[in-house]
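Student:
Protein chains in written order, with my numbering: chain W, 1 to 439; chain E, 1001 to 1316.
#1: Indicate the three-state DSSP secondary structure (helix, strand or coil) for residue 470 of chain W in the structure shown.
#2: So, for residue 438 of chain W: in the same chain, excluding its five sequence neighbours on each side, which residues have a beta-carbon less than 6 Å away from its beta-carbon?
#3: Taking the alpha carbon of residue 238 of chain W as the point to measure from, which residue in W:248, W:225, W:247 has its own alpha carbon closest?
#4: For the segment 1064-1093 of chain E, enumerate the residues whose C-beta is nearer than 9 Å to any C-beta of chain W, in chain order.
#5: Find the residues of chain E that neighbour residue 116 of chain W, judging by a C-beta separation of less than 7 Å, and give them in chain order.
#6: I need the straight-line Cα distance from residue 46 of chain W to residue 53 of chain W, nearest angstrom please.
#7: Should residue 1095 of chain E be flagged as near chain W, meaning a C-beta pair shorter than 7 Å?
#8: Write down the C-beta distance between residue 81 of chain W and residue 94 of chain W rounded to the nearest angstrom, noting that I regard them as a contact closer than 8 Å.
#9: Going straight from the alpha carbon of residue 87 of chain W to that of residue 1223 of chain E, what length do you get?
#10: Leaving out five residues before and five after residue 200 of chain W in sequence, what residues of the same chain have Cβ atoms less than 6 Å from its Cβ?
#11: Three-state secondary structure (DSSP) at residue 1026 of chain E?
#12: Pairs of beta-carbons, one from the segment 152-167 of chain W and one from the segment 319-337 of chain W, closer than 8 Å: are there three or more?
#13: Using the beta-carbon of each residue, which ones in chain E are nearer than 9 Å to residue 404 of chain W?
#14: I need the straight-line Cα distance from residue 1202 of chain E to residue 1115 of chain E, nearest angstrom please.
#15: Identify every run of the alpha helix (DSSP H) within the segment 48-104 of chain W, keeping only runs that are complete inside it and at least 4 residues long; order them along the chain.
#16: Return the chain-ordered list of same chain residues with a C-beta closer than 6 Å to the C-beta of residue 202 of chain W, the five sequence neighbours on each side being excluded.
#17: On a CA-only basis, which of W:373, W:209, W:344 is nearest residue 361 of chain W? Give me that one, please.
#18: Between residue 430 of chain W and residue 1099 of chain E, what straight-line distance do the alpha-carbon atoms span, to the nearest angstrom?
#19: Please work out which residues of its chain come closer than 7 Å, Cβ to Cβ, to residue 417 of chain W, disregarding the five sequence neighbours upstream and downstream, and give them in chain order.
#20: Taking Cβ to Cβ, would you say residue 223 of chain W is nearer than 7 Å to residue 311 of chain W?
#21: Please decide whether residue 148 of chain W counts as near chain E, where near means a Cβ-Cβ distance under 7 Å.
#22: For the segment 1138-1164 of chain E, enumerate the residues whose C-beta is nearer than 8 Å to any C-beta of chain W, in chain order.
#23: Could you pull the start and end residues of the beta strand (DSSP E) that residue 107 of chain W belongs to?
#24: Going by DSSP in three states, residue 258 of chain W sits in which element: helix, strand or coil?
#25: Could you check the C-alpha separation between residue 1163 of chain E and residue 271 of chain W for me, to the nearest Å?
#26: Of the residues E:1199, E:1288, E:1296, which one's Cα is nearest the Cα of residue 1112 of chain E?
#27: Restricting to runs no shorter than 4 residues, where is the alpha helix (DSSP H) found entirely within the segment 194-265 of chain W?
#28: How many Å lie between residue 1293 of chain E and residue 1040 of chain E at the Cα?
#29: Using 10 angstroms around the beta-carbon of residue 1072 of chain E, count the other beta-carbons present and answer buried if the total reaches 16, otherwise exposed.
#30: Identify the contact partners of residue 1175 of chain E in chain W, using a Cβ-Cβ distance below 9 Å as the criterion.
#31: If you draw a straight line from the alpha carbon of residue 1050 of chain E to that of residue 1060 of chain E, how long is it in whole angstroms?
#32: Rounded to whole angstroms, what's the CA-CA distance from residue 435 of chain W to residue 233 of chain W? Just pull it up for me.
#33: Return helix, strand or coil for residue 436 of chain W, following the three-state DSSP convention.
#34: Can you give me the Cβ contacts of residue 1152 of chain E inside the same chain, cut-off strictly under 7 Å, excluding the 5 residues immediately before and after it?
#35: Output, in chain order, the set of chain W residues within a Cβ distance shorter than 7 Å of residue 1166 of chain E.
#36: Counting only beta-carbon atoms, is residue 1207 of chain E nearer than 7 Å to chain W?
Now the structure itself:
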């Protein structure tokens, strides 16, 4: 009986070991595809796509499908919604088990994660450098996200240019207009934010506790990154990072910045009138516009600058993504599809811009009239022309392969600093964590 | 034990078989072969699906590298050595052991109490209570984690209620502070798993021979004395089993940490299994290190189980 029980315990304890090693087997080879819903290289007129936002990138894919169908009536897309939190482990699992047969033809990849995946798992991707997709029509800095050793692996999709979106009605109650928030410094922003809070009880901004997106946008706006050009972490002795954390904590302490615990809560604060504004990549405008009752009460301007840092700008970026063609794709069809839509159709970008806020990286799209048209939701402001002008001023960001490790470590440090830890000590620990992960 | 439990019924033919091994009649041989035929599929499955991967994981834990570019580690125990310098791993281990030390005793004691209440013959609507207590154990770990996450959000049910009653003036950021976030995880675990253990204890209670209880009564023992001196000793094997299962489950806990708190704030609610998932799948994939972490978890579970059996099981 005792022996049996030991066996039971051992067996139960072993389940974890199993989940792991199931991913280490390398003799999988090309498996048959019983579900029939993944990509395949055998021709046909259907491409499978993984993307994650029905209001944004999935919508864009659907529109691209319509555009491509004009020339190719038989063409269809099978778009599967896979959140980024699931997409990354799926890719890792498939690459690790060499089950490339389960990959879709095209998948979307966060720009910040592109280097990590392309370096660790080049087998997931098709090199698109010589496939006739006009990558030279995208800004170099954006193509660089998906370029490893001179080989291109991604077609840039949306721009992550940061915007400072404001509720004109709420700041109006404190006597402010959007112009008062344009070209300001963070201390001016905080001073006005206190007035708004006093007048309306509404904080200026919101964000997810422990996720340092706001701080990283400030950091980038000051022309700094978490890594230097050689890819070494620069979390300690980084004056711009120290200043950003200081500004952030001041806002949280003063009640101007509301910390929430999840993405849904964050979106909730925006669309339910819980905050007077938000600072994020321009893709957030898609979510903002779901609050139809707030139409006309929003406006967009540039970011406050950090005054403590020389050369700090009013421009930054967060997020952004690119389309990758998988190694399991019908390469010819996928490349032609992307080349004639995301990298070649003004008509396409003219459709998705007003409805989804998808500001293109594709340079020729910027000449379109659509960009200069006023957007009713934003009080008639031609926000996309403004965003394009912001985009030109965004300082470059060194992401490297360890971007997410550094982001997590900085998030931990910020939580610790708020809990009373000495900032220098917390950041030292963050630096050590990243260096440990890289060792 | 005077009653004929399934265990004792099984034991007797076993002993007979041992004695008659040498002169098996053809019929007995056939029966024995039939027995093996029934055993082999399961045995092969366990071997292929559990022990072979465990062995592979052991090999993997001696390798190092990113993604699929794995090489033998130099020295061979590099991944295990590396763990000693890993502050995040140390933190996750502390978290996990904290859950274990606080949650498991509370859960098992309340399960014991609940089982005894449910076993009371004079209790009305017994099957209703029984179902109500067991239902949480039938709910998916992910669903209940997400429900708890919603309930304990800053604008969630709990805060709304506390504000309405007037206990607090400002909403509490349950999942944003280390102490409260850990508390929410422990509450979740208690809610999800107590009923599961109640069922085990009920089964054990129903196997207790009523004559022993009657005898205790005749000897003048009160209900409390009877419970501790007659009921508990007879439930000991079952208590041991639940202690081992709970320890095992808590040390390998993943879902609550991943879904309820995302390991936050600042990794202070992250469990060891969650960390090994991050190391393997979310960050730059380091499967060798992940496998080494999983082996350390295995060793911790095995050691704890061995101690518990040494302490708890005095029969053999």
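Heads up, the beta-carbon is just placed ideally off N, CA and C, and yes, glycines get one too.
Tutor: According to the structure shown:
#1: Because chain W in this structure spans residues 1 to 439, residue 470 of chain W falls outside the shown range and cannot be described.
#2: By 1-based counting over the first chain, the position of residue 438 of chain W is 438. Cβ neighbours of residue 438 of chain W beyond the five flanking positions: 402.
#3: Position 238 of the first chain, counting from 1, holds the residue named residue 238 of chain W. Per the Cα distances, W:225.
#4: If you check each beta-carbon in the segment 1064-1093 of chain E against every beta-carbon of chain W, the ones closer than 9 Å belong to 1066, 1067, 1068, 1069, 1070, 1082, 1085, 1086, 1087, 1088.
#5: Within the first chain, residue 116 of chain W is the residue found at index 116, counting from 1. Going along chain E in sequence order, the residues near residue 116 of chain W (Cβ under 7 Å) are 1284.
#6: Position 46 of the first chain, counting from 1, holds the residue named residue 46 of chain W. Position 53 of the first chain, counting from 1, holds the residue named residue 53 of chain W. Answer to the nearest angstrom: the Cα atoms are 21 Å apart.
#7: Here residue 1095 of chain E refers to the residue found at position 95 of the second chain. Not an interface residue.
#8: In the first chain, counting from the first residue as 1, residue 81 of chain W sits at position 81. In the first chain, counting from the first residue as 1, residue 94 of chain W sits at position 94. No, residue 81 of chain W and residue 94 of chain W are not in contact; Cβ-Cβ is about 18 Å, not under 8 Å.
#9: One-based indexing of the first chain puts residue 87 of chain W at position 87. One-based indexing of the second chain puts residue 1223 of chain E at position 223. Each residue's alpha carbon lies about 58 Å from the other.
#10: As a working mapping, residue 200 of chain W is identified with position 200 in the first chain. Here the set comprises 170, 173.
#11: Counting from one through the second chain, the residue named residue 1026 of chain E turns up at place 26. Of the three classes helix, strand and coil, the one that applies to residue 1026 of chain E here is helix, per DSSP.
#12: The answer is yes - the segment 319-337 of chain W touches the segment 152-167 of chain W, with three or more Cβ pairs under 8 Å.
#13: Numbered from 1 along the first chain, position 404 holds the residue referred to as residue 404 of chain W. Neighbours of residue 404 of chain W on chain E, chain order: 1282, 1283, 1284.
#14: Mapped onto the second chain, residue 1202 of chain E falls at position 202. Mapped onto the second chain, residue 1115 of chain E falls at position 115. Near 5 Å, if we compare the C-alpha coordinates of residue 1115 of chain E and residue 1202 of chain E.
#15: For the segment 48-104 of chain W, whole alpha helix (DSSP H) runs of length 4 or above, ordered along the chain, are 57-71, 84-97.
#16: Residue numbering aside, residue 202 of chain W sits at position 202 when the first chain is read from its first letter. Closer than 6 Å at the Cβ level, and outside the excluded window around residue 202 of chain W, lie 170, 276.
#17: One-based indexing of the first chain puts residue 361 of chain W at position 361. Nearest of W:373, W:209, W:344 to residue 361 of chain W, Cα basis: W:344.
#18: For the purposes of this step, residue 430 of chain W is taken as the residue at position 430 of the first chain. For the purposes of this step, residue 1099 of chain E is taken as the residue at position 99 of the second chain. Looking at the two C-alpha atoms, the distance is approximately 25 Å.
#19: Position 417 of the first chain, counted from the first residue, corresponds to residue 417 of chain W. Same-chain partners within the cutoff: 245, 249, 423, 426.
#20: On the first chain, residue 223 of chain W is found 223 positions in, with the first residue counted as 1. On the first chain, residue 311 of chain W is found 311 positions in, with the first residue counted as 1. Yes, Cβ-Cβ distance for residue 223 of chain W and residue 311 of chain W is below 7 Å.
#21: On the first chain, residue 148 of chain W is found 148 positions in, with the first residue counted as 1. Cβ-Cβ to chain E under 7 Å: no for residue 148 of chain W.
#22: 1149, 1153, 1154, 1155
#23: On the first chain, residue 107 of chain W is found 107 positions in, with the first residue counted as 1. Taken as a continuous stretch (DSSP letters only), the beta strand (DSSP E) holding residue 107 of chain W covers 106-110.
#24: Within the first chain, the letter at position 258 stands for residue 258 of chain W. In the structure shown, residue 258 of chain W sits in a strand (DSSP, three-state: E or B).
#25: Position 163 of the second chain holds residue 1163 of chain E. Position 271 of the first chain holds residue 271 of chain W. Rounded to whole angstroms, residue 1163 of chain E to residue 271 of chain W spans 23 Å at the Cα level.
#26: On the second chain, position 112 is the one that residue 1112 of chain E refers to. The option with the nearest alpha carbon to residue 1112 of chain E is E:1199.
#27: 213-221, 239-254
#28: As a working note, residue 1293 of chain E is residue 293 in the second chain. As a working note, residue 1040 of chain E is residue 40 in the second chain. Cα to Cα, the separation comes out at about 32 Å.
#29: Along the second chain, one-based indexing puts residue 1072 of chain E at 72. When all chains shown are included, residue 1072 of chain E counts as exposed.
#30: Counted from its first residue, the second chain places residue 1175 of chain E at position 175. Those within 9 Å of residue 1175 of chain E in chain W are 209, 261, 262.
#31: As a position in the second chain, residue 1050 of chain E is number 50, starting the count at 1. As a position in the second chain, residue 1060 of chain E is number 60, starting the count at 1. Each residue's alpha carbon lies about 15 Å from the other.
#32: Taking the first chain and counting its residues from 1, one reaches residue 435 of chain W at position 435. Taking the first chain and counting its residues from 1, one reaches residue 233 of chain W at position 233. Between residue 435 of chain W and residue 233 of chain W, the C-alpha separation is close to 7 Å.
#33: Walking along the first chain from the start, residue 436 of chain W turns up at place 436. Helix.
#34: Walking along the second chain from the start, residue 1152 of chain E turns up at place 152. Cβ neighbours of residue 1152 of chain E beyond the five flanking positions: 1158, 1174, 1175, 1184.
#35: Taking the second chain and counting its residues from 1, one reaches residue 1166 of chain E at position 166. For the C-beta of residue 1166 of chain E, not a single chain W residue is nearer than 7 Å; the gap to the nearest is close to 20 Å.
#36: Position 207 of the second chain, counted from the start, is the residue given in the question as residue 1207 of chain E. Put simply, the CB of residue 1207 of chain E is far from chain W, with every gap to its CB atoms at 7 Å or more.
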